[in-house]
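Numbering (mature numbering (1 follows the signal peptide of the UniProt record, and there is no 0)), first residue to last: -20 to -1, 1 to 674.
We put the beta carbon where it would ideally sit given N, CA and C, even for glycine.
Since this is a predicted model, take the numbers as computed values, not measurements.
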């Protein structure tokens, strides 16, 4: 009797030592029919090991290529075509910065990185056949690689992209997002739209995953090669990002004097060093090339002439815990916790749009905005004379200083890469309350279309919100066609009148079967619809969503229509070519009718061109990840990852969602346990240093 009493007491006493515990459940991956991993784990280490494994399963070659390129050794691995990229990485000092970041990062993010990289390496070891022979030289991957890849993407593709000229001037490398409050929602539940627009290749591709840590559900997406979730939702809340009109990179022009540069009228020495880059030759041998590196108090020298240099200054080099902030955001249970994560100020770029099950909606012009001594947006949005130390910023505006809107009276918030002032209409923010350099003042046609759809609907259903996300209606057409028709009527151009008949019957949409869209698009490009001076009345902040308007030169507009119509008729034999016959999705062997176009046309469904042939134009990017979420007692969500969740050549998920994109459809996000179970294609269970199918 005494023994029976003693043993339970002993087990209770030593419970935390494991006396009465069974062996911890291994982590699991349930792969659904779209190649999305639903990962469940009981520890941070297990969770991110599994996510690293899963990313490699779907993107092994891409990840290895991205990490190898971000390492600054691309020329050594793949030849001279990567030399310029290597030079950029060393010019910016990313290898040294990565070591500095590793020494300063929070222990939790170190654990996340180490586990994620361990999982990727374990997959590569278990499945060497999944990695092309030319890419295996990059292995094994390291946490330094993780840091360098994130730095490369953030600093050269986003923050410093325009200054470096590394990113081509795509019409809409940006995003859309909505937050709908209870008073505007037909169900009384807050809703959120997530919709980044990025190129459909390389470091811009997204990876979708569902994470469950100790019963806590997290769903969303992040860029391939990144751990965690950067745009996502849980059972309580969600958020999205859009590229914002933030200037946190500046290029300074400096005058040279006696091998130095002038600052405040005095000569200063450059900091100089050099790097040796190895370049693989066609015969497999390596040739070494020494590159000189120069640095000023402004930043690294990125270009040089006989008497001047350009130096680049980037914000965010001192913020090593960006992924920790995202991890805090996805683990938040309410707005206060979420805002505390935002106040970490580790994410140097991107607007934040938020909604939750309590009905809160929120917009933040997020990022690191330098405190500048003077000047407005236009002054800083160019090459800056670098001769004054007062123009070399060192401090950032705090979270408190940034434009933000919570629960506006309108009941809705939007951003389509416009400045913060038009996040809702009537405007809640006054730009005069902020420094003149904080953000520009304009509202282009895509955000105007974005706002119009919400302004015209006082009770928005979930299905209507999906329709708005997929809408291809052109704001430019609604704004300008009446004026163009009047100009045609006043002219004696028969070709223009013939074109007018087609445009009058056109549905003003860019759907695959829309006839007249090709004609209008050809005219609109010639007219330069985005150029303010082409309108009789320019954009006006007092009327942000109804200007610009009118034709500044009606006769010229008619002449351009005649030219556009002649070109289309000559090439295709008709002015009524269905848009989807000309505009195509051409991706991984799939060729499908496209819909949408670049956002300069004022369309919310963005699919911007990226090449073509004599008879077709092809989608190059735009709608990438799409999420429409309603927050109630249960989360309801529809999503799409346009190009699919894999890039491995033998994966059935490489482009498997393009047909949905072509049909303007979304799919259900399988967030609940029963939904995951009913749509699981295969299961993997952690065993040793890897996973086995079970």
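Test item: CB-CB of residue i and residue j under 8 Å
i	j	result
residue 425	residue 33	no
residue 605	residue 201	yes
residue 450	residue 647	no
residue 16	residue 188	yes
residue 121	residue 57	no
residue 317	residue 387	no
residue 100	residue 35	yes
residue 349	residue 228	yes
residue 98	residue 29	yes
residue 137	residue 183	yes
residue 420	residue 225	yes
residue 519	residue 423	yes
residue 8	residue 20	yes
residue 132	residue 69	yes
residue 166	residue 440	yes
residue 506	residue 540	yes
Anticipated Cβ contact below 8 Å, residue i with residue j, distance rounded
i	j	result
residue 363	residue 483	Between residue 483 and residue 363 the Cβ distance is about 42 Å, and since that is not below 8 Å, they are no contact.
residue 45	residue 96	With a Cβ gap of about 17 Å, residue 45 and residue 96 do not count as contacting.
residue 559	residue 491	7 Å
residue 361	residue 611	About 37 Å; that fails the 8 Å criterion.
For residue i, the residue or residues it bridges with in DSSP
i	result
residue 170	611
residue 622	Looking at the DSSP assignment, residue 622 forms no beta bridge with any residue, so it has no partner.
residue 254	272
residue 597	563, 592
residue 215	Partner(s): none; residue 215 has no beta bridge.
residue 570	567
residue 342	334, 386
residue 673	664
residue 395	157
Closest residue to residue i among the options (Cα-Cα distance)
i	options	result
residue 414	387, 395, 382	382
residue 436	598, 560, 164	164
residue 231	80, 385, 66, 366	366
residue 139	327, 93, 204	327
residue 570	498, 645, 214, 641	641
residue 715	168, 629, 432	Residue 715 is absent from the structure shown; the chain starts at -20 and stops at 674.
residue 371	380, 636, 417, 403	417
residue 81	499, 204, 296	296
residue 531	427, 656, 465, 14	465
residue 159	42, 434, 21, 129	434
residue 134	210, 255, 281, 167	210
residue 114	510, 479, 262	262
residue 354	373, 204, 643, 345	373
residue 76	250, 105, 298	298
residue 593	565, 399, 587	565
residue 260	522, 9, 7, 61	61
residue 212	195, 176, 242, 241	176
residue 617	155, 50, 104, 217	217
residue 444	461, 609, 272	609
residue 557	43, 467, 529, 596	596
residue 398	391, 431, 368	431
residue 627	403, 277, 310, 185	185
residue 526	456, 129, 467	456
residue 172	369, 267, 645, 392	392
residue 59	244, 396, 117, 496	117
residue 258	41, 473, 54, 524	54
Assigned exposure category for residue i - 16 Cβ within 10 Å defines buried
i	result
residue 264	exposed
residue 664	buried
residue 454	buried
residue 285	exposed
residue 193	buried
residue 544	buried
residue 554	exposed
residue 26	buried
residue 148	Since pLDDT at residue 148 reaches only 37, below the 50 mark, its modelled position is unreliable, and no value is offered.
residue 2	Low per-residue confidence applies at residue 2: pLDDT is 37, beneath 50, and the placement is therefore not dependable enough to give any value.
residue 384	buried
residue 207	buried
residue 637	buried
residue 169	buried
residue 83	exposed
residue 662	exposed
residue 603	buried
residue 85	buried
residue 127	buried
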